[in-house]
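Working notes, beginning with the structure itself.
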Amino acid sequence: MCRRCSGSVTRTGTRCRSSSRCRPSRETRRGPLERRVPVRIAGFAFGAARLAKGVAVRTQTGRSRGRTSSRAQAGFLPALIVWSGWFVLLAGANLATPLYAVYAAKFGFSSLVLTSIFATYAIVLVPALILFGRLSDRFGRRPVILAGLGVAFAGLVVFAFAGSAVWLYGARALQGLAVGMISGAATAALVELDPHDDRRRAAMFAGLAQAGGSAAGPLLAGVLAEWAPDPLRLPFIVGLALTVVAAVATMMLSEPPGRAREPWRIQRPRVPREILGAFARVSVTAATVWATVALYLSIVPSYAHGFLHTQNLALLAAISAIALLASFATQVVAQRRRPSPQLSQATGLGLLAAGLLALVVASPLGSLALLVAGALAAGAGHGLGFLNAQEELNDLAPAERRGEVTAAFIACIYFLVATSVIATGLLDLRFSLSVSVGAVSLVLVAFALTGAGWQLRAR
111 MCRRCSGSVT RTGTRCRSSS RCRPSRETRR GPLERRVPVR IAGFAFGAAR LAKGVAVRTQ
171 TGRSRGRTSS RAQAGFLPAL IVWSGWFVLL AGANLATPLY AVYAAKFGFS SLVLTSIFAT
231 YAIVLVPALI LFGRLSDRFG RRPVILAGLG VAFAGLVVFA FAGSAVWLYG ARALQGLAVG
291 MISGAATAAL VELDPHDDRR RAAMFAGLAQ AGGSAAGPLL AGVLAEWAPD PLRLPFIVGL
351 ALTVVAAVAT MMLSEPPGRA REPWRIQRPR VPREILGAFA RVSVTAATVW ATVALYLSIV
411 PSYAHGFLHT QNLALLAAIS AIALLASFAT QVVAQRRRPS PQLSQATGLG LLAAGLLALV
471 VASPLGSLAL LVAGALAAGA GHGLGFLNAQ EELNDLAPAE RRGEVTAAFI ACIYFLVATS
531 VIATGLLDLR FSLSVSVGAV SLVLVAFALT GAGWQLRAR
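Remember, my numbering sits 110 above the position in the sequence shown when you count from 1.
Written out as structure tokens, the structure is:
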């Protein structure tokens, strides 16, 4: 009998098969003074709660408990730095959301130019991710994150001093390059800093950084542009300051000890034949929800300005931010209840379709309430759909092919993102912006309903 949990043991009084508390490990064979318990915490809220309750990894000696607790507390800060840096990067990449209409009026360009400026980010991001996604495996996480923040800094400088639409294209290209460089390094760092190498939890916090940063950027820019001087420059100056703080904090990071450096190679997007059908199914979910969010981050502020007849940039920014905040909240809440990933994706796509329909109807009715309700529903659908699509993809992909499959997954997402926003701009050359947004939204509704049915059949 095990003295701790009364389970069966393989060697009297030493190891138990029935309890995770008594699971065997090499450390149990060592003397008390020889035990080492490496602890790396990246699960921010989860890890902080465990530390606050004093239930960090337990050992049988008081000395080991003290050493474990101090290491856990020390591990929380590096994870927070990585997460915050990614958050700041995404916030900076979306500062221009409420300002595109102002730029269009100042520089005299059409909705097609506006949407193509936005899409430049996606067009550059995918090749950057393919080229630089594995760069941190060779040179380390910290140097690559710092380099990405440096490129993001340059993009914000170009935005702050933009003198024509060409400058805006250049700024968006730099931002796409920065996000493509950092995404792989930040995700890998969050996994390495997790105490249990939990890829699912690391993916969740990566998603929260993306949704939270994408919400904070437009909201900050809208508030500053509406109530502070120099609306086309001050938001980016604030973004520059935050980027500098994130870079200085990143310099404090140290590389995990004992991690082997791998040769750098291009991460080609490829999918094994045996998972091709399931890959297509989750990719439809992810691409549809991100294409919808792209509409909110690019053209919806101008669309809302047209039928609400308001010049309030803070209000227009809040509409975009609401969708991303709803996604953020949904991803947090969804961790507590975990139905099948297929059912969750179908539910998310259903919510997304309802939100898009509300977006379409809001224009002829001139309804702000309907616009906000649509943003909430679309954001919740995005959070639920993407979180579960990403997790199912991680389960589907063979470990040795996960990088290639993830690269293909992201390429599918940003292909539909770029296509949807550019199609909106092209339609606006012939029709009104309300008709253009409505047409693209209805196509995305068809994608969402088709994807939901596909998910339900796959249960």
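Cβ atoms here follow ideal geometry from the backbone N, Cα and C, with glycine treated the same way. Computed from a predicted structure; not experimentally measured.
Cβ contact annotation for R251 (same chain, cutoff 6 Å, sequence separation greater than five): A295, A299, in chain order.
Closest in alpha carbon position to A356, among G476, I409, A433, A257, is A257. Residue nearest to L481 within the set A203, Y406, L224, L386 is Y406 (criterion: CA-CA distance). In this structure, the alpha-carbon of F417 lies about 8 Å from that of S477. A211 and D538 have their C-alpha atoms roughly 14 Å apart. Per DSSP, the unbroken alpha helix (DSSP H) holding H492 starts and ends at 478-506. Sequence-distant Cβ neighbours of V555 in its own chain, meaning closer than 7 Å and more than five residues away, are A463, L466, L467. Assignment of F242 by DSSP, reduced to helix, strand and coil, places it in the helix class. The beta carbon of G561 sits closer than 7 Å to those of V394, T395, T398, L459, all from its chain and outside the five residues before and after it, given in chain order. With respect to the 8 Å criterion, L434 and P208 are not classified as neighbours on the basis of their beta carbons.
When C-beta atoms of the stretch 196-208 are compared with those of the stretch 322-329, three or more pairs fall below 8 Å, so the two segments count as touching.
When C-beta atoms of the stretch 522-537 are compared with those of the stretch 224-241, three or more pairs fall below 8 Å, so the two segments count as touching. Here G493 really is in contact with F438; their C-beta atoms are around 7 Å apart, less than 8 Å. If you look at H419, you'll find it isn't in any alpha helix (DSSP H); DSSP assigns it neither H nor E.
Note that the C-beta distance between I532 and S226 is below 8 Å. Per DSSP, the unbroken alpha helix (DSSP H) holding P474 starts and ends at 451-475.
Out of F519, G548, E514, V527, the CA that lies nearest to the CA of R244 is found in E514. When the beta-carbon positions are compared, A321 and Q441 come within less than 8 Å of each other. Setting aside the 5 residues that flank it on each side, V261 is surrounded in the same chain by L284, L287, A288, each with a C-beta closer than 6 Å to its C-beta; the list follows chain order. Rounded to whole angstroms, the gap between the alpha carbons of I191 and T360 is 6 Å.
Just measuring C-alpha positions, the residue of V348, F519, A272, A444 sitting nearest A490 is A444. In this structure, I409 places its C-beta atom within 8 Å of the C-beta atom of L224. Counting of Cβ neighbours within 10 angstroms places G387 among the exposed residues, the total staying below 16. Between W193 and A319, the CB-CB gap stays under 8 Å.
If you draw a straight line from the Cα of L205 to the Cα of F557, it comes to about 29 Å.
Collapsing the DSSP output to three states places V531 in a helix.
Closest in alpha carbon position to P188, among P379, V267, S364, V354, is S364. At the C-beta level, L426 and G332 come within 8 Å of one another. Of the candidates A507, Q452, A431, A232, A431 places its Cα closest to the Cα of G484. Residue state for V381 is assigned as coil, using DSSP reduced to three classes. In the DSSP annotation of this structure, S542 is not part of any alpha helix (DSSP H), being labelled neither H nor E. Secondary structure remark: continuous alpha helix (DSSP H) runs of at least 4 residues inside the stretch 247-294, in chain order: 251-270. Distances from the CA of A215 to each of M314, D247, L342 were compared; the closest alpha carbon is that of L342. Taken atom to atom, the span from the alpha-carbon of T230 to that of T529 is near 11 Å.
Residue state for M362 is assigned as coil, using DSSP reduced to three classes.
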